[in-house]
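One structure below.
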Amino acid sequence: MRSPPAAAELSPMAVHGVAQTRAAVLGLGAYAPPKVLTNDDLARLVDTSDEWITTRTGIKRRHVAGPDQATSDLAVIAAQQALDAAAVRAQDLDLILVGTATPDMLFPATACLLQERLGAPQAGAFDLLAACSSFVYGLISAGQMLTSGLARTALVVGAETLSRLVDWKDRTTCVLIGDGAGAAVLGASDTGRGIYAGMVGADGSAGNVLKVPAGGSRMPMTREAIDRKLHRGYMDGQAVFKLAVRTVPGLIRETVARAGWTMEHVDLIVPHQANLRIIEAMASQLHLPMEKFVVNIQEYGNTSAASVPLALFEAVQGGRIHDDDRIVLAAFGGGFTYAACALVWGK
Ligand code: COA
């Protein structure tokens, strides 16, 4: 792993004899649109096959937003579910942080749209863009605001409609993605549960491997840009694959060490769902069995910022995560960004 110059950590140090306040997950929510595209559906759109997609990626199906569904429509459902699960009222939120690369519009932020729709007038609201790492970046950032006293209750959402950015005629990218949203309500806890360590990092020199060139100030959305499909996602798949496998196992090891744990302490890793082979390569490098990793890529594909909270939600729902389990969330994505968070589960 490249040593992370831009990395930040949450101190795992406990003051002897004094319970340390940590940011803990009080409730989770998740939403995937009902419309499903199977690999066979895609084989009717582009020159591909269920066999190729399954063996190269692990993906079988993906959920895709309907024509009337924007990112905030997915986010608001996941967010309300998380609030209900946490028994927190929207009006008591101090902070709403939405991780997304596919906001409803350039501005206002999707977090502000969510604030209005949830009815959370006291909450500060902003979006965070770290591509597929956005949710983990967001969880760490909101956690810091909680432990510093800047906020008491925070809503962190990862939500995407990547289907709007993908070129549905490009078989190298369209088979990989899906839409969805996941949300977590965070609150301060003195129980010994919550976030023990977080690391965020980036390698901007690898920014070109995954990008959407048009639609920003460098290249506004002109007819020429659209004709050249520069408003669609571009990806060098093999380069992303190598970066992920080179970076994330070391990142997980370092985050676990900063939490004061060893790898043997870790009960479950919730990785970004980009490619089953990437997760298998990480497991192999970390000398861990695949049972230690949550995998739901077969159902959703790569939902970018929504991928980690969707997988976390399903793991909790499926009874794979219990109070006091040691969990590591790990993500990577365009930027090139990466982030990991070690937490003890429970309020
Ligand atoms: N169906 C059938 N064939 C396909 C295909 C598809 N959907 N997509 C690509 N191919 C073809 C290629 O054209 C190539 O053909 P060629 O050998 O005739 O040139 C062949 O399959 C192999 O392509 P390659 O790119 O080498 O495949 P790969 O094993 O590297 O898998 C990815 C491609 C994209 C699945 C893989 O690189 C990957 O998952 N990378 C990471 C992507 C990622 O994580 N992105 C998001 C990061 S947040």
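Residues in the sequence shown are numbered from 0 upward in steps of one, following numbering that gives the first Met the number 0. The beta-carbon is built from N, C-alpha and C at its ideal position, and this holds for glycine as well.
Any heavy atom of ligand 1 within a distance shorter than 7 Å of the CB on residue i?
i	result
A201	no
L175	yes
V294	no
T56	yes
N274	yes
W167	no
A280	no
Q297	no
M234	yes
I52	yes
V239	yes
L209	yes
N38	no
F134	no
R61	no
C340	no
R170	yes
A243	yes
T302	no
G181	no
G332	yes
T101	no
T336	no
T47	yes
I277	yes
M111	According to the sequence provided, residue 111 is Cys. The question's Met does not apply to it. Incorrect: C111 has no Cβ contact closer than 7 Å to ligand 1.
Checking 8 Å against the spacing of the C-beta atoms, do residue i and residue j come in under that value?
i	j	result
F335	D166	no
I95	G142	no
A330	V135	yes
C111	A304	no
V45	C173	yes
A341	V247	no
G157	A122	no
A69	A182	no
L242	V208	yes
G118	A100	no
L328	L309	no
Sort the options by Cα distance to residue i and report the nearest one.
i	options	result
V315	A23, G28, A22	G28
I296	V307, H286, F134	V307
E298	A18, A22, P33	P33
A77	Y30, S162, M289	Y30
A339	Q114, I268, V35, G157	I268
P120	A213, L92, L105, T99	L92
L128	L82, K210, I58	K210
K59	D324, R151, A273	A273
R319	N301, T302, T109, V293	V293
R21	L161, A213, R151	R151
D103	Q79, A74, A86	A74
R291	M262, R163, N301	Correcting the residue type first, residue 291 is Lys in the shown sequence and not Arg. Nearest C-alpha to K291: M262.
R55	A124, A81, R170, M218	R170
G232	D189, D39, A213, A282	A213
D322	V265, E253, G148, R192	R192
L145	D126, D189, R116	D189
K346	V24, Q19, A18	V24
F106	I277, D235, E115, D126	D126
Q19	S147, N301, G236	S147
Q284	W51, R245, T221	R245
D324	G333, Y337, E313, W344	W344
A205	M234, R222, A196	M234
I believe residue i touches residue j by the beta-carbon criterion, under 8 Å. Please report the beta-carbon distance rounded to the nearest angstrom.
i	j	result
G177	H271	With a Cβ gap of about 13 Å, G177 and H271 do not count as contacting.
H230	A224	6 Å
L250	M198	6 Å
G98	G137	4 Å
F240	I277	6 Å
N301	L175	5 Å
L113	S140	The Cβ separation is near 16 Å, so there is no contact.
At least one CB of chain C closer than 8 Å to the CB of residue i: is that the case?
i	result
G26	The question asks about chain C, but that chain is absent: this structure has only one protein chain.
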